[in-house]
Amino acid sequence: DGRKITMIFSIPVNQVKDGYTYEMVSVRPGGTVEILPDLDQDLNTVSFQTTGGLGAYAMIMHPAD
2 DGRKITMIFS
12 IPVNQVKDGY
22 TYEMVSVRPG
32 GTVEILPDLD
42 QDLNTVSFQT
52 TGGLGAYAMI
62 MHPAD
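So for the sequence shown, this note's numbering puts the first residue at 2; every next one is plus one.
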């Protein structure tokens, strides 16, 4: 229930792969899960918007559509 914030995470160099999309998964207390898409075109980072407060995050990758 916090304010909207933008976060930027670096993708480890050995994990950057052409043809893949990177996103973040957010899990909030109570089990709410949200997929947070990358907001920029920088292949070395994942930039996403979330809401401040408690949560766990994980970076995921999958073949680009």
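Idealized CB from N, CA, C, for every residue including glycine.
Distance check for residue j and residue i, CA to CA, integer angstroms please.
| i | j | result |
| --- | --- | --- |
| Ile61 | Thr22 | 8 Å |
Spatial neighbours of residue i within its chain, please: C-beta separation below 6 Å, excluding the five flanking residues on both sides.
| i | result |
| --- | --- |
| Tyr58 | Met25, Ser27 |
| Pro68 | Nothing in the structure corresponds to residue 68, since the chain is present only between 2 and 66. |
Excluding the five sequence neighbours on either side, which residues of its own chain have a C-beta within less than 8 Å of the C-beta of residue i, listed in chain order?
| i | result |
| --- | --- |
| Val17 | Leu44, Asn45 |
For residue i, collect the residues of the same chain with a Cβ closer than 7 Å to its Cβ; drop the 5 residues on either side in sequence, then sort them by chain order.
| i | result |
| --- | --- |
| Leu36 | Before going further, note that residue 36 is Ile rather than Leu in the sequence given. Glu24, Val26, listed in sequence order. |
| Pro30 | Leu55 |
| Ile9 | Thr46, Ser48 |
| His63 | Tyr21, Thr22 |
May I ask you to report which of helix, strand or coil DSSP gives residue i?
| i | result |
| --- | --- |
| Val14 | helix |
State the CB to CB distance for the pair residue i and residue j, rounded to an integer number of angstroms; the pair is presumed to be in contact (CB under 8 Å).
| i | j | result |
| --- | --- | --- |
| Gly20 | Ala65 | 5 Å |
| Gln50 | Thr7 | 5 Å |
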